[in-house]
Amino acid sequence: MGAYRLLFSVSVEHTYFSDNICKALKFIPSGPSATVLNKTGLLLKSSESGISVFYEEDKINILRLHAEDDLSLVFKVFSKDPNFFRYTVPVARSDSSLLFFDNQQITLDAAGKQMLHDDVNVTEKAFIDMNAGQLGGVLDPKDYLVKPAFVLQIAITADEQGLCSEKPDAVSRKYYIRFATNQTYWKYYILGDLSKKNLYITDLDNEIQFEAMGNTLLPGHREAVALQSKIAIGMQEKHNQRFQLRESGSMGDKVLIKRMPTACVSNINGEMINGRMEAVSEIYIN
Numbered sequence: 034m035g036a037y038r039l040l041f042s043v044s045v046e047h048t049y050f051s052d053n054i055c056k057a058l059k060f061i062p063s064g065p066s067a068t069v070l071n072k073t074g075l076l077l078k079s080s081e082s083g084i085s086v087f088y089e090e091d092k093i094n095i096l097r098l099h100a101e102d103d104l105s106l107v108f109k110v111f112s113k114d115p116n117f118f119r120y121t122v123p124v125a126r127s128d129s130s131l132l133f134f135d136n137q138q139i140t141l142d143a144a145g146k147q148m149l150h151d152d153v154n155v156t157e158k159a160f161i162d163m164n165a166g167q168l169g170g171v172l173d174p175k176d177y178l179v180k181p182a183f184v185l186q187i188a189i190t191a192d193e194q195g196l197c198s199e200k201p202d203a204v205s206r207k208y209y210i211r212f213a214t215n216q217t218y219w220k221y222y223i224l225g226d227l228s229k230k231n232l233y234i235t236d237l238d239n240e241i242q243f244e245a246m247g248n249t250l251l252p253g254h255r256e257a258v259a260l261q262s263k264i265a266i267g268m269q270e271k272h273n274q275r276f277q278l279r280e281s282g283s284m285g286d287k288v289l290i291k292r293m294p295t296a297c298v299s300n301i302n303g304e305m306i307n308g309r310m311e312a313v314s315e316i317y318i319n
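Here the sequence shown is numbered in my numbering, starting from 34 and rising by one per residue.
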């Protein structure tokens, strides 16, 4: 058995996570691609950030023969996190839309990374219809019930600049996909005795301002005061915001809650704000 060398790798980044590594993804080769992996002796390895595919150095000629006949590897990529598309943009406009990435058109970012999409982050331009020709033979019937987060296709060519050539260095064999995090307005509902006080929220970092939205009646005939951020806030795996709930009084202001709880991805609703439907994170304080 010869030494293995990197054929290509794909790393998925996400600004939601503190280390920018998109976690909980599972790469599954399509049926034909699993056959190709076996025929060519390629070695597939998963990592926390994506996948790497290696070839056996003394069998490169076998791989080149296959590459002369439109060789490509296709992966269906699923997220094991059910909230993935709650904190991820873009969001599909229809149930038949699916994100699709390939290495036919590469975009270099400011650091020289090879991005598998047109812009710095993934945009709606990466969506295709699930019945599009690029996905022929890729999706199984069950994939229409539980959709992959995205589909990845890597073409392996035998030309001078192709992945089977000796010319591409390690950097040119590395591909990246980068997702941006969703943004939501944070709305705090203050209930109980606190709701009867003259309240406001302050940001110790002086970045986010909140405005009073007035009294509201929640389900169960519960009265609450609503305070909402004036701008949308990027969702994070671990929020660093330092919001305080304070009471304004004639004898000076008083801190009621030193550190307000932060937004959770599981509690997001849509509301009209300034004439547009926006995502709102609801946070309840008793």
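Where is the CB? At the ideal position from N, CA and C, for every residue including glycine. On a predicted model such as this, the values are computed, not experimentally measured, just so you know.
With DSSP as the reference, please indicate the residues paired to residue i in a beta bridge.
| i | result |
| --- | --- |
| ARG211 | GLU46 |
| GLY303 | ALA312 |
| PHE134 | LEU185 |
| GLY225 | BP columns for GLY225 are empty, so no partner. |
| GLY267 | GLN216 |
| TYR37 | GLU89 |
Look at residue i and residue j and say whether their C-beta atoms are less than 9 Å apart.
| i | j | result |
| --- | --- | --- |
| TYR233 | ARG279 | yes |
| THR214 | VAL107 | no |
| SER105 | ILE189 | yes |
| PHE160 | ALA182 | no |
| GLY195 | ALA100 | yes |
| GLU244 | LEU224 | no |
| GLN216 | ALA312 | yes |
| LEU75 | PHE87 | yes |
| LYS229 | GLU315 | no |
| TYR222 | ILE318 | yes |
| PHE111 | LYS59 | yes |
| LEU96 | LEU40 | yes |
| PHE212 | ALA165 | no |
| TYR208 | ASN136 | yes |
| ALA92 | THR73 | Note on residue identity: the sequence assigns Lys, not Ala, to residue 92. Yes, the pair counts as a contact, with Cβ atoms nearer than the cut-off. |
Rounded to the nearest angstrom, what separates residue i and residue j at their Cα positions?
| i | j | result |
| --- | --- | --- |
| VAL43 | ILE54 | 12 Å |
| ASP320 | LEU77 | Summary: the structure shown does not reach residue 320, with the chain confined to residues 34 through 319, and so no result is reported for it. |
| MET293 | THR48 | 23 Å |
| ALA14 | VAL204 | Outside the modelled stretch of the chain, which goes from 34 to 319, sits residue 14, for which no answer is possible. |
| LYS291 | SER80 | 40 Å |
| ASP286 | VAL179 | 52 Å |
| GLU46 | SER283 | 50 Å |
| LEU289 | GLN277 | 8 Å |
| LEU131 | ARG38 | 32 Å |
| ALA265 | GLN242 | 11 Å |
| GLY128 | GLU304 | One point to set straight first is that residue 128 is Asp, not Gly, in the sequence displayed. So the alpha carbons of these two residues sit roughly 21 Å apart. |
| LYS200 | ASP176 | 38 Å |
| LYS56 | ILE210 | 13 Å |
| MET163 | VAL171 | 10 Å |
| PHE116 | VAL155 | Before going on, a small fix: residue 116 reads as Asn here, not Phe. Their Cα atoms are separated by approximately 18 Å. |
Which term fits residue i, buried or exposed, when burial requires 16 or more other beta carbons within 10 angstroms of its beta carbon?
| i | result |
| --- | --- |
| VAL184 | buried |
| GLN186 | buried |
| ALA257 | buried |
| HIS150 | buried |
| ALA296 | buried |
| LYS109 | buried |
| VAL298 | buried |
Give a yes or no on whether the minimum CB-CB distance between residue i and chain C is below 9 Å.
| i | result |
| --- | --- |
| MET310 | Note that chain C does not occur in the displayed structure, where there is just one protein chain. |
Would you give the residue range spanned by the beta strand (DSSP E) that residue i belongs to?
| i | result |
| --- | --- |
| ARG309 | 309 to 318 |
| ILE161 | 160 to 162 |
| SER79 | 76 to 79 |
| ASN248 | 243 to 251 |
| LYS289 | Here the sequence assigns Leu to residue 289, which means Lys is not the residue at that position. Start and end: 287 to 290. |
| GLU157 | First-last for GLU157: undefined, no H or E at that position. |
| GLU89 | 83 to 89 |
| GLN277 | 276 to 280 |
| SER256 | Here the sequence assigns Glu to residue 256, which means Ser is not the residue at that position. Segment 255 to 262, the beta strand (DSSP E) holding GLU256. |
Identify the continuous alpha helix (DSSP H) that holds residue i and give its terminal residues.
| i | result |
| --- | --- |
| VAL110 | Per DSSP, VAL110 belongs to no alpha helix (DSSP H); it is in the beta strand (DSSP E), 104 to 112. |
| ASN231 | Unbroken run through ASN231: none, as it is neither H nor E. |
| LYS72 | 64 to 73 |
| ALA100 | 93 to 100 |
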